[in-house]
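Under the numbering used here, the first residue of the sequence shown is numbered 315, with each subsequent residue one higher.
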Amino acid sequence: DMTALHNQTKKKKGEKKIQTKRLFNKNDNTPCTTTNQNNKNDAQRRFMILSVGVLILSVAISWFVSTTTATTRDEEDILFHFLSHVPQYPTKQQQHQRLLEPHGRTHRATQDIPPNQFLFQIPRSIQLWDWDAYHYFSDTVYHRARHDVPSEQPLDGGAFLALYLWQQMQEYPEKDYFKVLPSANDTRPHHPLRWSNEEFQSWLPSQSHVHKVIRAYRDMVESEYQAFLQVVVKNNNESSSNNTAASFFEFPSWDEYTHVRSLVLSRSFGTGPPPTSFEKEQQNEIETRFGISNINERCCRAMVPILDM
């Protein structure tokens, strides 16, 4: 029994020595190979986690920079478009750019003009007033034109002036005044009323104040055109059924109407109330036919040669 107990004790001491050798080096008590390997695995794991984190952060920063750069480029493109269309006198170096060049409609003073100096007088006979348009269209179907929304609201006097301007340009194309006005090719790229919907949406931010103002004008002009078109189509259909071809009305295309409407919006002048030479009875007739409550508050404006250059 003593021999067996001695052997077991000796065996346990041997196991302790083996465990001690596995955990510590013999001389300096530092961790042995097994512990060093575990530490290396932990370090590699931490390094991999750190590397993945750095990679994710780099991708996020790259995406943010690319998005910001793209947005900046879009804004720069929009700004460049407007700057490249600003009316100015092109130099020889600027001839290759898309600039709105003056064509016979620019005035320059060759000497100093003192204050209150009388320069010239423009006769009423060569001016085009919306009052003239009201009288011209009072016996036609055009005076029935109304906005659909709000219901039955009268059209602005500028709409009739634009239609009158188009009619005069068709009847008297050789008039000098019509020759110096901007052409349809001039107004198409430079006036927002003439832009396509795609151009309008891409060139003006939808949340900007300018976008909202121009949107309101575009909606107004489209409503005017539809109002005119409805009464003309109805009249022409009735004339066709009654075989009265003489009462057919010619009507401008959408491109032609937006062109003359843009001229009125950009070049007409406010003249004040109707001329005193017209009797009150005439004013009442215009108000009744065109659905205007008080023409003195809505009238008048005019296309004035030379002043609108």
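From the three backbone atoms N, C-alpha and C, an ideal C-beta is built for every residue, glycine too.
It should be emphasised that the depicted structure is a prediction, and the values quoted were computed from it without experimental measurement.
Quick one: grab the DSSP three-state call for residue i.
i: residue 605; result: coil
i: residue 544; result: helix
i: residue 482; result: helix
i: residue 423; result: coil
i: residue 583; result: strand
i: residue 362; result: helix
i: residue 503; result: helix
i: residue 469; result: coil
i: residue 459; result: coil
i: residue 475; result: helix
i: residue 345; result: Note that residue 345 scores 47 on pLDDT, short of 50, meaning its location in the model is unreliable and no value can be drawn from it.
i: residue 442; result: strand
Starting from the C-beta of residue i, find all residues in its chain whose C-beta is less than 7 Å away, skip the five residues before and the five after it, and write them out in chain order.
i: residue 576; result: 501, 505, 507 and 508
i: residue 609; result: 588, 597, 600 and 601
i: residue 468; result: 460, 604, 605 and 606
i: residue 572; result: 507, 508 and 535
i: residue 568; result: 539
Our contact map puts residue i next to residue j with C-beta atoms below 8 Å; I'd like the distance itself, whole angstroms only.
i: residue 475; j: residue 444; result: 4 Å
i: residue 625; j: residue 518; result: One cannot answer for residue 625 here, as it falls past the ends of the chain, which runs 315 to 623.
Who are the Cβ neighbours of residue i in its own chain at under 8 Å, not counting the five residues just before and after it?
i: residue 492; result: 482, 483 and 486
i: residue 440; result: 491 and 619
i: residue 574; result: 476, 477, 479, 480, 483 and 566
i: residue 463; result: 537
Got a sec? Which residues, its chain only, sit under 6 Å from residue i by beta carbon, not counting five neighbours each side?
i: residue 622; result: 581
i: residue 498; result: 573
- Residue ranges of each alpha helix (DSSP H) run of no fewer than 4 residues wholly in the segment 510–534, ordered along the chain? 511–517
- Given 8 Å, three or more beta-carbon pairs between the segment 568–587 and the segment 598–617: yes
- Message: Does the contact criterion of 3 or more C-beta pairs under 8 Å hold for the segment 520–534 versus the segment 445–457?
- Response: no
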